[in-house]
Amino acid sequence: MRILITGAAGMLGRDVDAATRAAGHESIALARGAVDVTDPSAVAGAVADARPDVVVNCAAWTDVDGAESEETQSRAVNGAGAGHVAAAAAAAGAWTIHVSSDYVFDGAARRPYLESDPVGPLSAYGRSKLEGERTVAAHAPGAHTIVRSAWLFGAHGHCFPRTMLRLAAERDELRVVDDQIGSPTFTGHLAAALVSLAARCDDRPVGILHVAADEECSWCEFARAIIASGAEARVAVRPIASGEYPTPAPRPAYSVLRSERDAPVLPSWREGLAAFLAERAEVVA
Numbered sequence: 015m016r017i018l019i020t021g022a023a024g025m026l027g028r029d030v031d032a033a034t035r036a037a038g039h040e041s042i043a044l045a046r047g048a049v050d051v052t053d054p055s056a057v058a059g060a061v062a063d064a065r066p067d068v069v070v071n072c073a074a075w076t077d078v079d080g081a082e083s084e085e086t087q088s089r090a091v092n093g094a095g096a097g098h099v100a101a102a103a104a105a106a107g108a109w110t111i112h113v114s115s116d117y118v119f120d121g122a123a124r125r126p127y128l129e130s131d132p133v134g135p136l137s138a139y140g141r142s143k144l145e146g147e148r149t150v151a152a153h154a155p156g157a158h159t160i161v162r163s164a165w166l167f168g169a170h171g172h173c174f175p176r177t178m179l180r181l182a183a184e185r186d187e188l189r190v191v192d193d194q195i196g197s198p199t200f201t202g203h204l205a206a207a208l209v210s211l212a213a214r215c216d217d218r219p220v221g222i223l224h225v226a227a228d229e230e231c232s233w234c235e236f237a238r239a240i241i242a243s244g245a246e247a248r249v250a251v252r253p254i255a256s257g258e259y260p261t262p263a264p265r266p267a268y269s270v271l272r273s274e275r276d277a278p279v280l281p282s283w284r285e286g287l288a289a290f291l292a293e294r295a296e297v298v299a
């Protein structure tokens, strides 16, 4: 099948492109320079010209803290932009797979969030992602799958493991938040799941799916696993409270995702970290 990917130069988009080709499908990988999702006519033209069977929207404003001061811009990409992609896909007779976030929840739960749980974003970024979910559903009713995932990291972009490894090479101690819990998800694993959903021609699930790594941890536990994996193992990782590391955007204290639907099952975050480290080594080499 023909799969068109928006935001194809990003961390997730690059992995979706690779997973599409690995599965034997035709990939039309469009980076922001090729199509800006905030421009509805450009999106409509690009999708119509490509004639895809499925459009996977990986285009996103990902600067969580920056969205607090630039909410209009983040909503233009994550909200209206997502709707432009879904509308263009629907007009071309294509299915939309849109990637959303755990940040649509307020983090007050103490058990994994399911697709049917009420939303309540704490931040401008979370509000923009929720707006995107709603515009996708409105513009492609009956022909969309919204995939919420969490704490993404991958070999081809800025991410938490890469930052920890860089800082560990510069410092003797790292202080990392220990009261935020989630499921770090490797983009290579998520990308393969998105392509598998695209390939389900006759039974693609309509609506929202939660697709995130198995098991949960804090940022501090994740950091310790990252540091323990390499030559930087001598570096101490000290737990701190969120209040000791203030950020412009509030984060959910708990944002573990699980599915009550027929969603793909991903490996654990520990397996994702191992895959990230192996792939990163190949990229560096």
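The numbering used here numbers the first residue of the sequence shown as 15 and each following residue consecutively. Where is the CB? At the ideal position from N, CA and C, for every residue including glycine. Model, not experiment: these values are computed from the prediction.
Output yes or no for whether 8 Å exceeds the beta carbon distance between residue i and residue j.
i: A154; j: M15; result: no
i: G202; j: E293; result: yes
i: R46; j: A23; result: yes
i: L208; j: E129; result: no
i: W283; j: P175; result: no
i: E187; j: R252; result: yes
i: V133; j: V99; result: no
i: R28; j: H158; result: no
i: A48; j: A60; result: yes
i: A206; j: A33; result: yes
Restricting to Cα atoms, I'd like to know which of the options is closest to residue i.
i: Y139; options: D131, S55, D116, L179; result: D116
i: S210; options: A22, G38, S273, R28; result: G38
i: P219; options: G156, W283, A206; result: G156
i: T76; options: K143, A33, P175, R252; result: K143
i: C72; options: G97, F119, S55, D63; result: G97
i: V190; options: G134, P260, E230; result: P260
i: R89; options: S41, T149, D228; result: T149
i: A64; options: A43, A74, G95; result: A43
i: V118; options: P253, T177, R141; result: R141
i: E229; options: A101, G196, V70, A60; result: G196
i: A295; options: A205, G168, P66, D67; result: G168
i: S243; options: D131, V78, F290; result: F290
i: V161; options: H172, P132, L204; result: L204
i: E274; options: P264, G221, Y268; result: G221
i: P262; options: A33, E85, R35; result: E85
i: Q194; options: E145, G257, A152, A151; result: G257
i: A101; options: A62, D79, S83; result: A62
i: C215; options: P66, M178, R180; result: P66
i: D276; options: V270, S269, Q87, D217; result: D217
i: H172; options: G146, R272, F200, S269; result: F200
Throw me the rounded Cβ distance for the residue i and residue j pair, which I believe falls under 8 Å.
i: V1; j: S163; result: This structure gives no information on residue 1, because the portion of the chain shown stretches from 15 to 299.
i: L166; j: L26; result: 6 Å
i: A226; j: L287; result: Not confirmed; about 14 Å, so no contact.
i: D192; j: I254; result: 7 Å
i: P266; j: D131; result: Their Cβ separation, rounded to whole angstroms, is 12 Å, which puts P266 and D131 out of contact at 8 Å.
i: V70; j: V30; result: 6 Å
i: L1; j: P264; result: Because the chain spans 15 through 299 in this model, residue 1 falls outside it and cannot be assessed.
i: I17; j: E40; result: 7 Å
Is residue i near the ligand FAD - that is, is its Cβ less than 7 Å away from at least one heavy atom of it?
i: S163; result: Absence of the ligand FAD is noted for the structure shown, with no ligands found whatsoever.
* Asked: Do the region 124-134 and the region 99-114 make contact, defined as three or more Cβ pairs closer than 8 Å?
  -> no
* Asked: Curious, which full-length alpha helix (DSSP H) runs of at least 4 residues does the region 42-73 contain?
  -> 54-64
* **Stretch pair the region 97-107 + the region 237-254: three plus CB contacts closer than 8 Å** => no
* Mind the definition here: the region 234-242 touches the region 45-60 only if three or more C-beta pairs lie below 8 Å; say whether that holds. => no
* Jot down the residue ranges of each uninterrupted alpha helix (DSSP H) in the region 156-188, minimum 4 residues, whole runs only, in chain order. => 174-182
* Just list the beta strand (DSSP E) runs in the region 199-236, keeping only unbroken ones of 3 residues or longer that don't cross its boundaries, in chain order. => 221-224
* To do: At 3 residues or longer, and completely inside the region 97-166: list those beta strand (DSSP E) runs for me, N to C.
  => 109-115, 158-163
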